[in-house]
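First the structure, in the form of structure tokens, and then the observations on it.
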Amino acid sequence: GQNIDQPTEMTATEGAIVQINCTYQTSGFNGLFWYQQHAGEAPTFLSYNVLDGLEEKGRFSSFLSRSKGYSYLLLKELQMKDSASYLCAVRDRESNYQLIWGAGTKLIIKP
Amino acid sequence: GAVVSQHPSWVICKSGTSVKIECRSLDFQATTMFWYRQFPKQSLMLMATSNEGSKATYEQGVEKDKFLINHASLTLSTLTVTSAHPEDSSFYICSAREWDASNQPQHFGDGTRLSIL
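For the record, the sequence lines run as chains A and B. Take the first sequence: its position 30, counted from the start at 1, is 30 in the numbering used here, and no numbers get skipped. Take the second sequence: its position 9, counted from the start at 1, is 9 in the numbering used here, and no numbers get skipped.
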């Protein structure tokens, strides 16, 4: 079956680094996406991984290991505006390329 | 970058009213659009997949006669909530994907907050 797991909530300090993990099980893996969603707003695209390794984009980096069914989103130099939910989603080739969504990780940044 | 426009942003109406929500891809052609619903503090729930020129594919448990989807062009999909009731109050979000699905993310509209009194 299909399953995406990520922690429900994490807390970090302004200026620090935080890693949000995501594990997945899917039969037709075709890429993994990270989205950011502020409360009351729609998700915005952060990163995409389809091959193993690290993708860096400014303060945000995303890592993928397909053999382990594992990804993480790394946020550096945390700012208060980074307080949001971070959604891990896996595209499934066998579901017409739909995204299978995790429940999201609520990240709380403290001063 | 790819922009998806969703309208209206807020709707407050009486029970029994039908509400239409529009989703437009502004600078790309979207053969596939997705409609999601999100209740407070819960994750996105896919309602249906809308394909241009064909019938929408609804997820299990979603009533197709209540949530009417029309995808008449490559840049526009509409969701009509027919005879809405208070339990239909939610945050509805559309997303669109360009024709080549190989490495393109879904781009989201800003969402529509629907409140049925």
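Even glycine gets a Cβ: it sits at the ideal position worked out from N, Cα and C.
Under the DSSP assignment, residue 10 of chain A falls in the beta strand (DSSP E) whose first and last residues are 9-13. Residue pairing by DSSP puts residue 90 of chain A in a beta bridge opposite A/32 and A/100. If you draw a straight line from the Cα of residue 105 of chain B to the Cα of residue 47 of chain B, it comes to about 18 Å.
Here DSSP, grouped into helix, strand and coil, assigns residue 82 of chain A to helix. DSSP places residue 65 of chain A within a strand segment (E or B) once states are collapsed to three. Contact between residue 31 of chain A and residue 91 of chain A holds: CB atoms are separated by about 5 Å, below the 8 Å threshold. Scanning its chain for C-beta atoms nearer than 6 Å, with the 5 sequence neighbours on each side dropped, one finds around residue 21 of chain A the residues 72, in chain order. Using a Cβ-Cβ cut-off of 7 Å, residue 104 of chain A is close to 43 of chain B, given in chain order. Contact with chain B is absent for residue 29 of chain A, since none of that chain's Cβ atoms lies less than 9 Å from the residue's Cβ.
Contact between the region 74-86 of chain A and the region 12-26 of chain A is present, with at least three C-beta pairs closer than 8 Å. Only 49 from the region 49-80 of chain B bring a Cβ to less than 7 Å from some Cβ of chain A.
Distance from the CA of residue 18 of chain A to the CA of residue 22 of chain B, rounded to the nearest whole angstrom, comes to 37 Å. In chain order, 110, 111, 112 and 113 place their CB closer than 8 Å to the CB of residue 9 of chain B, counting only its own chain and leaving out the 5 sequence neighbours on each side. Each of A/69, A/44 and A/98 was checked against the Cα of residue 3 of chain B, and the nearest Cα belongs to A/44.
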